[in-house]
Structures are given as C-alpha cells and as structure tokens.
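For the sequence shown, position 424 matches number 424 in the numbering used here, and the numbering has no gaps at all.
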Amino acid sequence: MAGGLPLHALPAAALRDRIASREVSAEEAARHFLDRIARLDGGIGAFLRVDAEGALRSARASDARLDAGGAPRPLEGVPVAVKDNLNVEGLPTTCASRILEGFVAPRDATAVARLRAAGAVILGKTNLDEFAMGSSTENSAFGPTRNPRDPSRVPGGSSGGSAAAVAAGFAPLALGSDTGGSIRQPAALCGILGLKPTYGRVSRSGLVAFGSSLDQVGPLCRTAADAALALSVIAGRDPMDATSLALEAPAASLAEGGLRGMRVGVVKEHLEGEGLEPAVKAAVEAAVGVLRAGGAEVREVSLPRSGDGIAVYYLVATSEASSNLARFDGVRYGLRVEGRDLAGMYEETRDRGFGTEVKRRILLGTFALSAGYADAYYQRALRVRRLIADDLDRAFREVDVLVGPTAPTVAFPLGEKIEDPLAMYLCDVFAVTANLAGIPAVSVPCGADPAGLPAGFQVMAPALREDAALRAAAAVEAAGLLPAALPGAFA
Ligand code: GLN
1 MAGGLPLHAL
11 PAAALRDRIA
21 SREVSAEEAA
31 RHFLDRIARL
41 DGGIGAFLRV
51 DAEGALRSAR
61 ASDARLDAGG
71 APRPLEGVPV
81 AVKDNLNVEG
91 LPTTCASRIL
101 EGFVAPRDAT
111 AVARLRAAGA
121 VILGKTNLDE
131 FAMGSSTENS
141 AFGPTRNPRD
151 PSRVPGGSSG
161 GSAAAVAAGF
171 APLALGSDTG
181 GSIRQPAALC
191 GILGLKPTYG
201 RVSRSGLVAF
211 GSSLDQVGPL
221 CRTAADAALA
231 LSVIAGRDPM
241 DATSLALEAP
251 AASLAEGGLR
261 GMRVGVVKEH
271 LEGEGLEPAV
281 KAAVEAAVGV
291 LRAGGAEVRE
301 VSLPRSGDGI
311 AVYYLVATSE
321 ASSNLARFDG
331 VRYGLRVEGR
341 DLAGMYEETR
351 DRGFGTEVKR
361 RILLGTFALS
371 AGYADAYYQR
381 ALRVRRLIAD
391 DLDRAFREVD
401 VLVGPTAPTV
411 AFPLGEKIED
421 PLAMYLCDVF
431 AVTANLAGIP
441 AVSVPCGADP
451 AGLPAGFQVM
461 APALREDAAL
471 RAAAAVEAAG
481 LLPAALPGAF
491 A
C-alpha cells in the first residue's frame with residue numbers, strides 16, 4: 001500500500017487525503033475497515049451493529065462525487081463509528097438497553113448529519129454502558145467490550161465501544177458522548193485521544209439524554225489534529241438544541257500553533273489523590289516534562305473543591321437522569337411489557353427493560369429530587385457545582401490550561417469493579433470537573449505501565465478554548481510517550 005502504513009493505521013486526515021487524491025477509493029477504504037471488523041471484532045465486541053450496506057453506499061457516493069470532479073469534503077470517505085446513544089437514521093438506537101428494543105431512529109443526530117455532509121462514511125453503532133452509565137462498558141445489556149490492548153481488560157466507558165473501535169483500527173474516528181468522563185476515560189484506557197468539547201459547542205439533538213446539563217458529543221481518534229478536524233465538522237449552532245452556542249464552528253487547524261507562551265497548571269489535588277497508580281503518575285509527570293521542555297511555563301495550581309466533584313456529579317447526573325429516563329415507560333419507545341393496568345404496564349416495562357445500574361441511578365436521582373430532600377441534596381449539589389466552577393475561573397486567571405491524569409488507573413480486568421459501584425464511580429474522579437464547569441477537556445496518551453497498558457493525560461481549558469487544550473495535547477502526542485503500534489492481532 002502506498003506510503004507504508006496500512007489504511008487502518010492512518011489518522012482520519014491522512015486517510016481523507018489519500019481518498020481525495022484518488023490513491024485509494026472510498027469504497028476500497030470502507031471494505032478494508034469492514035473486513036477488519038468482520039475478522040477481529042468477535043474478540044472485542046466494539047460494535048453492536050455494523051451497517052456494511054449503508055457504509056458501502058455512502059463510500060460509492062463519495063467516489064462518484066470525486067469521479068464527477070466534485071471537490072473533496074473535509075471527511076470525504078472517512079469511516080466513522082457512532083456510539084449507540086446517538087441516532088443514525090434507519091438504524092436501531094439501543095443505548096445498550098433492553099428498554100429500547102425495536103426502536104429505530106427516525107433521523108440522524110445533528111452531529112451525525114454533519115459528519116455525513118462532510119463526506120464521512122458511517123460504519124455502524126458501538127457498544128456502551130447502558131444509557132452511558134458506567135466506566136467499563138460492562139453495563140451493556142448486550143455484553144461487554146474488551147480492550148484491544150489486552151482483551152482480558154475493560155476498554156473503559158461509557159464510550160468503550162467507540163474507544164475500542166479506534167484502538168483496534170476498526171475506524172480512524174468515532175463519536176462518543178461525555179457526561180462525566182465517558183469520552184476521555186475510555187480514550188485513556190485504550191491509548192487513544194478523546195475530546196469533550198465546551199458545553200454547547202456541539203448540538204445534543206439526537207443524543208439520548210442522560211444528564212442534560214453535562215452531556216456533550218465529541219470525537220475519539222488518534223491525533224489532536226483529527227480531533228480538531230472532527231470538531232470543525234460537528235460543532236455549531238443548531239436550532240434543534242436550544243443550548244447549542246450561536247458560534248461558528250472552530251477551524252480544522254485548531255490543534256496547530258505549538259506551546260508558545262503557554263502557561264500550564266498542574267492540578268495539585270489530581271496528582272496527590274489516593275488511588276492514583278504510581279505508573280500513571282509517572283507517565284503524567286513525563287508529559288508535564290514534555291510541555292516544560294517544549295517551552296511552556298509550568299506551575300502547580302490548586303483546585304480546593306476537587307474532592308467534592310464525584311459527590312456533586314452523582315447528585316446532579318442522577319437527578320437529571322431520573323427525569324430524562326421517565327420517558328421510557330412502554331408508551332412511546334421500544335419495549336412494552338403488558339401489566340394488570342396502565343401503572344402495571346409501566347412497572348413491568350421498566351423493571352424488565354432497565355439494568356441494575358440504570359435502576360440504581362433512577363432511584364438515587366429520584367431520592368435526591370424528592371420533596372423534603374431536594375434542598376439537602378440536589379440544591380446543595382448545585383451550589384457546590386458553582387464553587388467548583390469558581391475554583392476553575394480563579395485558576396484560569398493564572399494559567400491557560402490545567403493538566404493531570406485523566407483516570408487514576410490503567411485498564412482493569414473485566415469483573416474487577418462491577419460489584420462495587422463506588423469504585424467504578426471513582427474512575428471519573430478527575431474527569432467530572434470539566435463537565436460540572438462546562439469546559440473543554442482532552443485526554444491524550446502519555447505512556448504505559450510496565451505491562452504496556454496506556455495512561456491518559458488530561459488537559460482542561462477555559463470555555464471555548466479547545467484550541468489551547470488541543471495544542472498542549474498535540475505536543476504530548478508528538479513526544480510519542482505511548483508506542484503507537486497496535487499490539488498483537490491488532491498490528
Ligand atoms: N462514568 C460516569 C458515569 O457513570 C460518566 C458517564 C458518562 O460520561 N456518560 O456516570
């Protein structure tokens with residue numbers, strides 16, 4: 001194959017250029033990825049649904065467009081995997097839940113529609129924790145996804161299928177959603193890059209709502225440049241989402257520009273926390289060293305309210321989830337289990353349709369919002385959420401980006417945390433800050449433990465400063481702290 005690297009090892013931008021220059025056809029590219037998925041996804045379980053026919057149809061349309069002399073679009077012919085809580089017209093949206101059985105999306109989510117309009121080829125739908133609740137993809141009603149770096153371990157979650165798909169070379173780009181770390185944590189555990197954009201950057205229309213004040217759609221990919229390219233395509237005002245910001249989408253060159261004059265704050269509480277594995281800490285320190293050596297001005301910064309993040313997140317997210325998930329009652333969507341009367345039908349449907357973790361969240365959220373407790377829990381959580389955001393505002397007066405580990409550990413064995421919800425919740429102890437404050441954050445690989453399991457470096461930036469986060473991530477990426485090679489069968 002021209003240029004050395006096989007198609008599945010190329011970043012999205014490079015693959016697009018090969019297709020645009022007609023070195024390879026979009027159809028050949030689509031077939032290459034579909035073949036890989038057919039051969040190798042049995043051992044990984046990244047996809048819940050592969051749409052080979054739809055992918056080939058849209059790849060041929062790309063080729064026909066280029067044959068006719070049409071200008072190549074920003075993602076012309078680039079195969080993309082989509083988390084199965086985002087609607088793709090004509091395909092089931094399952095949210096990895098039984099309760100959506102039989103539901104077929106009537107239209108594309110806005111982010112998906114924008115990908116298509118930019119020439120992307122939608123390969124299929126990826127596995128997730130049910131309704132995006134979890135950090136390991138073990139909460140899927142359809143079985144877990146495995147980590148391509150070590151299939152005895154989890155890929156992280158909840159966008160574990162999207163992260164595994166990119167890490168295994170099944171797609172150069174995937175969409176995920178991030179409510180409290182669900183793009184960044186699986187990116188970290190699978191050794192790829194993930195971006196949670198500023199709240200409001202990307203339309204949430206067509207994303208099944210979990211915590212509406214926290215949810216954002218974003219890319220998982222291999223390079224900061226690809227994340228910038230994807231963001232430039234999916235971002236922008238959408239009349240279908242009143243919280244989407246009336247701003248132009250940022251430029252595809254967002255990750256360029258280097259570290260010139262960049263002030264970097266290392267979050268003290270994130271590096272001193274209990275439960276941070278020594279290998280992860282060492283990898284993060286190496287990344288900080290890269291930034292310093294690259295000319296950034298590095299200092300330590302304190303976020304005193306960091307320790308409250310998880311408690312606040314698990315009150316706000318569960319409260320919003322209990323309200324959002326009320327719509328799954330057997331009437332409008334998916335599964336219906338008949339009962340003795342209407343209330344019985346609701347009960348039977350929800351009892352059979354939802355898994356254990358989703359039920360736990362609904363119960364927690366309903367309790368936190370209930371009369372008599374809403375002041376003590378939900379309202380109080382909102383006040384502390386404000387204080388956490390204030391900490392960040394203060395820190396960003398002194399520095400341009402805040403850095404630390406994305407997650408406290410490398411990928412853990414399947415089954416290790418599934419009986420211990422609190423241990424699972426703590427996977428996102430560093431990630432939830434960005435969601436609570438609505439700011440952008442990137443996870444970029446920064447090394448591995450002695451067994452070769454990847455560690456993630458988190459870069460947070462002020463609202464709308466994805467450029468700063470991506471520039472810092474690009475510098476860490478360029479240092480090559482994690483060997484890029486796909487291991488074993490995934491080479
Ligand atoms: N792991 C966190 C949770 O279980 C975050 C999930 C997410 O970002 N969707 O809620």
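Ideal Cβ placement from N, Cα and C applies to all residues, glycine included.
As the structure is a computational prediction, the values presented were derived from the model and not from experiment.
Hey, is the segment 454–469 in contact with the segment 402–410, meaning 3+ C-beta pairs nearer than 8 Å?
With a cut-off of 8 Å, the segment 402–410 and the segment 454–469 count as touching, because enough Cβ pairs lie within range.
Around the C-beta of Y314, are 16 or more other C-beta atoms found within 10 angstroms, so that it is buried, or is it exposed?
Buried, since its Cβ has 16 or more Cβ neighbours within 10 Å.
Less than 7 Å between the CB of F103 and some heavy atom of ligand 1, yes or no?
No - ligand 1 has no heavy atom lying nearer than 7 Å to the Cβ of F103.
Can you check which of these residues, R237, S306, S319, E101, is closest to G334 by C-alpha distance?
The residue with the shortest Cα to Cα distance from G334 is E101.
Quick one: residues in its chain with C-beta nearer than 7 Å to the C-beta of A2, no 5 flanking neighbours on either side, listed in chain order?
Low per-residue confidence applies at A2: pLDDT is 45, beneath 50, and the placement is therefore not dependable, though the value from the model is reported in the following sentence. Taken in chain order, the residues that qualify are E23.
For the 8 Å Cβ check, are there 3 or more pairs between the segment 310–329 and the segment 282–302?
Contact between the segment 310–329 and the segment 282–302 is not established, with fewer than three Cβ pairs separated by less than 8 Å.
May I ask whether a heavy atom of ligand 1 can be found less than 7 Å away from the beta carbon of G180?
G180: yes, Cβ under 7 Å from ligand 1.
On a CA-only basis, which of P155, A111, Q379, R305 is nearest L231? Give me that one, please.
In this structure, A111 is the residue among P155, A111, Q379, R305 with its C-alpha nearest to the C-alpha of L231.
Buried/exposed call for S253, threshold 16 Cβ in 10 Å:
By the neighbour-count rule (16 or more Cβ atoms within 10 Å), S253 is not buried but exposed.
For ligand 2, is there any heavy atom lying closer than 7 Å to the beta carbon of A111?
As presented, the structure is devoid of ligand 2, carrying ligand 1 as its sole ligands.
Would the beta-carbon of S182 fall within 8 Å of that of L220?
Not closer than 8 Å, so no.
Hey, quick one: how far does the alpha helix (DSSP H) through C190 stretch, first residue to last?
Note, C190: alpha helix (DSSP H), 184–190.
I need the DSSP call for A293, collapsed to helix, strand or coil.
A293 falls in the helix class under three-state DSSP.
Residue closest to A153, alpha-carbon to alpha-carbon, out of I418, A20, A463, F396
The amino acid occupying residue 153 in the given sequence is Arg; Ala does not appear at that position. The residue with the shortest Cα to Cα distance from R153 is I418.
What residues in its chain sit with their C-beta under 7 Å from that of S205, if we drop five residues either side in the sequence?
Taken in chain order, the residues that qualify are A109, T110, D238, M240, D241.
CB of D428 to nearest heavy atom of ligand 1: below 7 Å?
At least one heavy atom of ligand 1 is nearer than 7 Å to the Cβ of D428, so yes.
Identify whether M460 lies in helix, strand or coil by the three-state DSSP scheme.
In the displayed model, M460 falls within a strand according to three-state DSSP.
Alpha carbon to alpha carbon, how far is A381 from A311? Give it in angstroms, no decimals.
Taking the straight line joining both Cα atoms gives about 8 Å.
Is any non-hydrogen atom of ligand 1 found closer than 7 Å to the C-beta of F354, if you look at the structure I gave you?
Incorrect: F354 has no Cβ contact closer than 7 Å to ligand 1.
Quick one: Cα of P487 to Cα of V403, how far?
For P487, the pLDDT reaches just 47, beneath the cut-off of 50, and the residue's location in the model is therefore unreliable, although a value from the coordinates is still provided. When the Cα atoms are used, P487 and V403 turn out to be separated by approximately 28 Å.
Assigned secondary structure, E398 (DSSP; H/G/I helix, E/B strand, else coil)
In this structure, E398 counts as coil in the three-state DSSP scheme.
Is the beta carbon of G134 sitting closer than 8 Å to the one on G169?
Against a cut-off of 8 Å, the Cβ pair of G169 and G134 comes out as no contact.
Using a threshold of 8 Å, state whether the C-beta atoms of V444 and E466 are closer than that.
One thing to note: V444 has its Cβ no nearer than 8 Å to the Cβ of E466.
With distance defined between alpha-carbon atoms, name the residue in R201, D215, D420 nearest to A249.
For the residues R201, D215, D420, the minimum Cα distance to A249 belongs to R201.
Just how far apart, CA to CA, sit T318 and G365?
One Cα belongs to T318, the other to G365, and the distance between them is close to 4 Å.
Taking the alpha helix (DSSP H) that T198 falls in, what are its first and last residues?
Per DSSP, T198 belongs to no alpha helix (DSSP H) and is neither H nor E.
Can you tell me the Cα-Cα spacing of A13 and A225, whole angstroms?
Between the C-alpha atoms of A13 and A225 there is a straight-line separation of about 8 Å.
Report all residues from its chain with a CB closer than 8 Å to the CB of P450; omit the five preceding and five following residues, and keep chain order.
If the five residues before and after P450 are omitted, its C-beta is found closer than 8 Å to the C-beta atoms of A279, all from its own chain and listed in chain order.
Would DSSP call S177 helix, strand or coil?
In this structure, S177 counts as strand in the three-state DSSP scheme.
CB-CB length for A473 against V432, believed under 8 Å:
No, A473 and V432 are not in contact; Cβ-Cβ is about 19 Å, not under 8 Å.
Are the Cβ atoms of A52 and A26 separated by less than 8 Å?
Cβ atoms of A52 and A26: not closer than 8 Å.
Is L189 buried or exposed, if buried means 16 or more other CB atoms sit within 10 Å of its CB?
With 16 or more other Cβ atoms within 10 Å, it is buried.
Should L482 and G191 be called a contact, given that it needs their Cβ atoms to be closer than 8 Å?
For L482 and G191, yes; Cβs fall inside 8 Å.
Could you check what DSSP says for C95 in three-state terms: helix, strand or coil?
Coil.
F412 beta carbon near ligand 1 (any heavy atom closer than 7 Å):
No, ligand 1 has no heavy atom inside 7 Å of this Cβ.
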